[in-house]
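Listed in order, the protein sequences are those of chains A and B.
255 is the number that full-length UniProt numbering gives to position 255 of the first sequence; each next residue is one higher, with no gaps.
12 is the number that full-length UniProt numbering gives to position 12 of the second sequence; each next residue is one higher, with no gaps.
We put the CB at the ideal spot given by N, CA and C, even for glycine.
Please read these numbers as outputs of a predicted model, since none were measured by experiment.
A quick write-up on the structure given underneath.
2 protein chains.
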Amino acid sequence: MARQRNIWRLARRPVGAVAEGDLAYGAEALPELQQGQFLLQVLYLSLDPTNRIWMSDAEQYMPPVAIGEPMRGLVAGRVIESRKDGVEPGALYSGMGVWADHMVTDGQGLQPLALPPGVPLSLAFGVFGLVGPTAYFGLLDIGRPKAGETLVVSAAAGGVGQVVGQIGKIKGCRVIGIAGGPDKCRFVVDELGFDAAIDYRSEDVGARLDALAPDGVDINFEQVGGPISDAVFARMRLFGRMPLCGLIASYNDTSKDSSERPGPAVAAAWRQMLMRRLTVQGFIVTDYAARWGEAVQALGGWMAEGRIKTRQDVRPDLARAVEHLDSLYTGGNFGKLLVQVGASEDGA
Amino acid sequence: MARQRNIWRLARRPVGAVAEGDLAYGAEALPELQQGQFLLQVLYLSLDPTNRIWMSDAEQYMPPVAIGEPMRGLVAGRVIESRKDGVEPGALYSGMGVWADHMVTDGQGLQPLALPPGVPLSLAFGVFGLVGPTAYFGLLDIGRPKAGETLVVSAAAGGVGQVVGQIGKIKGCRVIGIAGGPDKCRFVVDELGFDAAIDYRSEDVGARLDALAPDGVDINFEQVGGPISDAVFARMRLFGRMPLCGLIASYNDTSKDSSERPGPAVAAAWRQMLMRRLTVQGFIVTDYAARWGEAVQALGGWMAEGRIKTRQDVRPDLARAVEHLDSLYTGGNFGKLLVQVGASEDGA
Numbered sequence: 001m002a003r004q005r006n007i008w009r010l011a012r013r014p015v016g017a018v019a020e021g022d023l024a025y026g027a028e029a030l031p032e033l034q035q036g037q038f039l040l041q042v043l044y045l046s047l048d049p050t051n052r053i054w055m056s057d058a059e060q061y062m063p064p065v066a067i068g069e070p071m072r073g074l075v076a077g078r079v080i081e082s083r084k085d086g087v088e089p090g091a092l093y094s095g096m097g098v099w100a101d102h103m104v105t106d107g108q109g110l111q112p113l114a115l116p117p118g119v120p121l122s123l124a125f126g127v128f129g130l131v132g133p134t135a136y137f138g139l140l141d142i143g144r145p146k147a148g149e150t151l152v153v154s155a156a157a158g159g160v161g162q163v164v165g166q167i168g169k170i171k172g173c174r175v176i177g178i179a180g181g182p183d184k185c186r187f188v189v190d191e192l193g194f195d196a197a198i199d200y201r202s203e204d205v206g207a208r209l210d211a212l213a214p215d216g217v218d219i220n221f222e223q224v225g226g227p228i229s230d231a232v233f234a235r236m237r238l239f240g241r242m243p244l245c246g247l248i249a250s251y252n253d254t255s256k257d258s259s260e261r262p263g264p265a266v267a268a269a270w271r272q273m274l275m276r277r278l279t280v281q282g283f284i285v286t287d288y289a290a291r292w293g294e295a296v297q298a299l300g301g302w303m304a305e306g307r308i309k310t311r312q313d314v315r316p317d318l319a320r321a322v323e324h325l326d327s328l329y330t331g332g333n334f335g336k337l338l339v340q341v342g343a344s345e346d347g348a
Numbered sequence: 001m002a003r004q005r006n007i008w009r010l011a012r013r014p015v016g017a018v019a020e021g022d023l024a025y026g027a028e029a030l031p032e033l034q035q036g037q038f039l040l041q042v043l044y045l046s047l048d049p050t051n052r053i054w055m056s057d058a059e060q061y062m063p064p065v066a067i068g069e070p071m072r073g074l075v076a077g078r079v080i081e082s083r084k085d086g087v088e089p090g091a092l093y094s095g096m097g098v099w100a101d102h103m104v105t106d107g108q109g110l111q112p113l114a115l116p117p118g119v120p121l122s123l124a125f126g127v128f129g130l131v132g133p134t135a136y137f138g139l140l141d142i143g144r145p146k147a148g149e150t151l152v153v154s155a156a157a158g159g160v161g162q163v164v165g166q167i168g169k170i171k172g173c174r175v176i177g178i179a180g181g182p183d184k185c186r187f188v189v190d191e192l193g194f195d196a197a198i199d200y201r202s203e204d205v206g207a208r209l210d211a212l213a214p215d216g217v218d219i220n221f222e223q224v225g226g227p228i229s230d231a232v233f234a235r236m237r238l239f240g241r242m243p244l245c246g247l248i249a250s251y252n253d254t255s256k257d258s259s260e261r262p263g264p265a266v267a268a269a270w271r272q273m274l275m276r277r278l279t280v281q282g283f284i285v286t287d288y289a290a291r292w293g294e295a296v297q298a299l300g301g302w303m304a305e306g307r308i309k310t311r312q313d314v315r316p317d318l319a320r321a322v323e324h325l326d327s328l329y330t331g332g333n334f335g336k337l338l339v340q341v342g343a344s345e346d347g348a
C-alpha cells in the first residue's frame, strides 16, 4: 500500500476570514521519490499573516496559491529519505513548503537549518526562519535607527514585533510597543525591555503616543495598517521612516475597492510625507535573500548574549492549522505562532 | 524724505484660491541701512507653488508667513548700497527674500549668484535658484534612475518638470511627461526630448499610461497629487520610487480634514507600496543646502552642453504678482514663472 500523508489544500478563495471549507484537510498517497528529490518529515509549520494573502487573488508579491493546490507555508523538518546527492537522512531543513506532515521536494526554496548550541529547533526556526530576518532588514535597512530616536512597533508581542523592538533597544532607540491586552503589554516591557507599551484595546493610541512621545515618532515599523497606523503616522517627526512590513488589519478586508474603505485619503498622508520629508518603503523579506546569512549571524549572536529573547506560541495538531491561523487576525496568538506537526520537538 | 519701496504683505490667510485682499500691495518707507546690512534691488521674483503653502497655517515645512508680514519669496537682485563687510554694490545675490522691489537685509538666506558665461540673469536664477536643484536631488537621490527605466513627470512643462525630464533622458530613462494642453505636450517632446507626453486635460491618463508604459512605471516624480497621481501610482512597478516634491492640486483645497477629500484610502496605497515594495519619500530642496554646489555645477555643465534647455515664463509688474501666481494653480503658466521686478533684465 502506498504511504499516506496528511495535507491541506486550498479548496476555494476565502471571503473575509477563512471559513470552514475554504481549505480541505485529508490523507493522500505520498508521491514516490524521484531521483533528485528527498522526503522531508515536517516538524513545524510557521503560521504567518501573509498566509491569508496567498489564499486570495488580490495583488500580492508572489503568485497566489492556485485552487486545488497544497497550501503554502514555511516549514522546518527532518530528511527521512533522500535520492538527492548531498542531502542526507537526518538533516534539518527549513524554508518554503506546504501545510503537510510530509513533503517530497527537490529542495527548491529550502535551506539546511543549523541549530546554534542549546537552541531548540522551534526557536531556531521561529526566529531565523522568517521573522528574525524580517525584523533585522526592515528595521536596520529601511528604519535606519539612530541612538536616541523613538521607534514605534505595532503587533509588538508578535513574532516580528518582539525582535524589532529588541534590535531597536540594542541600537539605542526609545521603543514603544503597541499590542492588544495587558498581558502582551507587560510582556514587551517587563520581559523584552521595551520602554513602554500601548494597549490598543483599552487605550487611545494617539493620546498615549502624545504622552509617551511628545516630540513625535522617528520610526514606525508598520505591520498592521488601519486606525492604529493612522494614529502613529500622524505623529511622525521630520525625516521619519516607515518600514512597511505588513497590513494585517486589511488582510480579511472584503471591500472590493479602495474607495469603499474608510480612512484618510491619500492626499492627507502624501501631504504629511511631503511636509515632514517622510520615507515610506514597502518590503518583503525574501528581497533580502542574498543577505540572509548576515541576519542569521547577527541574530544568533544577540540571542547567545541574551539580548534577544523571543516568546513562541506553539500549537499542536496540523489538523487544526486553520483555527490556529485565525488567531493571528484576532490577536489571539501571543508570540511567534507555530504548529508542532511531529509528535515531539525533534520529530524523533 | 525717506526713500520708498513697493512691497506685498500678507493681510489674511486665503481660503481656497488667493483672493483680492488676502495680500496688500503698497509703498512704504524703506528701512534705513544698519551696520551689517545691505540694500538689494530686486530684479526677479520667483513664483512657486509653495508660495501658497506659506500663506496658510496648515502643516508645512517652515513657519508660515505671519499676518502683516512681507510675503516671502525667492528673489534675485543687485546690491545697490552696502554697510556689510565683503558685500559690494553691483554684486548679484539670490535666495530667500520678500515680494518687494527693494530689500534691506543682513544677507541671511541669500547667496552670491554667479552668472555662467552667456547665461542671462533670469535663466540662471530660474534654473539654479530653486528648480534645478529640486529636480537634481529629487530625481537622482530619491528617484535613483537607471538606464532603461520608465520615468513619469507630472507638471512636465513647469519649472521643475522640464529639468527632471531632461536629467532623466541624460540618465537613459524613457521619459513620459504629463502636462495640460497640446502646446505643452508638444513642447516637452519636440523641444525637450521627452519620449512621450500625456495631456491630462483631454486624455485619460491611466489609459494612456497603459499604452505608453505597458510594463509600468519605475519612477513617479510627483508634483501634483490628486487623480493624476493616483493613476500613475496604481501603475508603479516592483521596487518603484516616488520622489514626492509637491502636491499642487491640493494647495488651494478648502476641505478641513482629510476625510472630506475624495480619493482612495491610504489602505489601498499602503497595500500597493507593500506588495510592490515601493518607496515614497517626501523632500524639500532646502534639505540639500549643503550639497547645492554639486547641483549647480552639474546643471551648469549640462546647460553649457545644450543637454538641458528651459523655458521661462517671465511676467511684468510686481503689482500683478498675485494674479501671476494664480496661473500656477490653473496651469496658466508655461515654463518657470518669474516676475521681472526691475525695469530691464539686469536692473540697469
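Cβ contact annotation for Y251 (chain A) (same chain, cutoff 7 Å, sequence separation greater than five): P49, R52, I53 and Y329, in chain order.
For S56 (chain A), the nearest beta carbon of chain B is not closer than 8 Å to its own beta carbon. Bounds of the beta strand (DSSP E) holding T150 (chain B) are T150 to V153. Taking L325 (chain B) as the centre and dropping the five residues before and after it, the same chain places the C-beta of V18, L47 and N51 closer than 7 Å to its C-beta, in chain order. Here P14 (chain B) is buried. Its C-beta has 16 or more other C-beta atoms within 10 Å. One finds nothing in chain A with a Cβ atom closer than 7 Å to the Cβ of T50 (chain B); even the nearest lies about 10 Å away. The DSSP assignment places 23 to 29 as complete runs of the beta strand (DSSP E) inside the region 16 to 40 of chain B, in order along the chain (cut-off: 3 residues). L325 (chain A) has no beta-bridge partner at all, per DSSP. Inside the region 174 to 229 of chain B, DSSP marks whole beta strand (DSSP E) runs of 3 or more residues at positions 174 to 179, 196 to 199 and 217 to 221, from first to last along the chain. Taking 4 residues as the minimum length, the alpha helix (DSSP H) runs contained wholly in the region 97 to 175 of chain A are 121 to 126, 132 to 137 and 159 to 170, in order along the chain.
With fewer than 16 other beta carbons inside 10 angstroms of its own, A290 (chain A) counts as exposed. Within the region 268 to 288 of chain B, contact with chain A at the beta-carbon level (separation under 9 Å) is assigned to A268, A269, W270, R271, Q272, M273, L274, M275, R276, R277, L278, T279, V280, Q281, G282, F283, I284 and D287. Residues of the same chain with a CB within less than 6 Å of the CB of G95 (chain B), apart from the 5 flanking positions on each side, are G109, L110 and Q111 in chain order. Residue pairing from DSSP places Y44 (chain B) in a beta bridge opposite B:A76 and B:Q340.
P214 (chain A) has its alpha-carbon roughly 41 Å from the corresponding atom of G331 (chain B).
Chain order gives the chain A residues near Q60 (chain B) as M275, where near means a beta carbon separation below 8 Å.
Counting only Cβ-Cβ distances below 8 Å, L247 (chain B) has contacts in chain A at A267, W270, R271 and L274, in chain order. Against chain A, the CB of S154 (chain B) has no partner CB under 8 Å away; the residue lies outside that interface. Cβ neighbours of Q35 (chain A) within its own chain (closer than 6 Å, five residues either side excluded): R83. Within chain B, the residues W270, M273 and L274 have their CB atoms less than 8 Å from the CB of L244 (chain A), given in chain order. The beta carbons of V127 (chain B) and M303 (chain B) sit closer together than 8 Å. Interface flag for S327 (chain B) against chain A is unset, since no Cβ pair is found closer than 8 Å. With contacts defined as CB atoms closer than 8 Å, V341 (chain A) and L43 (chain A) qualify as a contacting pair.
Straight-line measurement puts the Cα of E149 (chain B) at about 36 Å from the Cα of D106 (chain A). Bridge pairing for S82 (chain B): B:F38 [DSSP]. Non-local C-beta neighbours of D101 (chain A) in its own chain, meaning closer than 8 Å and more than five positions away in sequence, comprise R5, N6, I7, Q41, V42, L318, V341 and G342, ordered along the chain.
When rounded, the separation of the alpha-carbon atoms in E323 (chain B) and V189 (chain A) is 58 Å.
As DSSP reads the structure, V280 (chain A) sits in a beta bridge with A:M242 and B:V280. In the structure shown, the three-state DSSP call for G332 (chain B) is coil. By the Cβ rule, the region 155 to 162 of chain A does not count as touching the region 234 to 244 of chain A, because fewer than three pairs are nearer than 8 Å. Straight-line measurement puts the Cα of F137 (chain B) at about 9 Å from the Cα of W292 (chain B). Chain A places a beta carbon closer than 8 Å to that of S250 (chain B), counting this residue as a contact.
In the same chain as L130 (chain A), and ignoring 5 residues on each side of it, the C-beta atoms closer than 7 Å to its own belong to S46, D48, L74 and V285, in chain order.
Listed in chain order, the non-local C-beta contacts of M273 (chain B) below 7 Å within the same chain comprise V280, local neighbours out to five positions each way being set aside. K146 (chain B) counts as exposed, since fewer than 16 other beta carbons sit within 10 angstroms of its beta carbon. In this structure, A321 (chain B) lies near V339 (chain B), with their beta-carbon atoms less than 8 Å apart.
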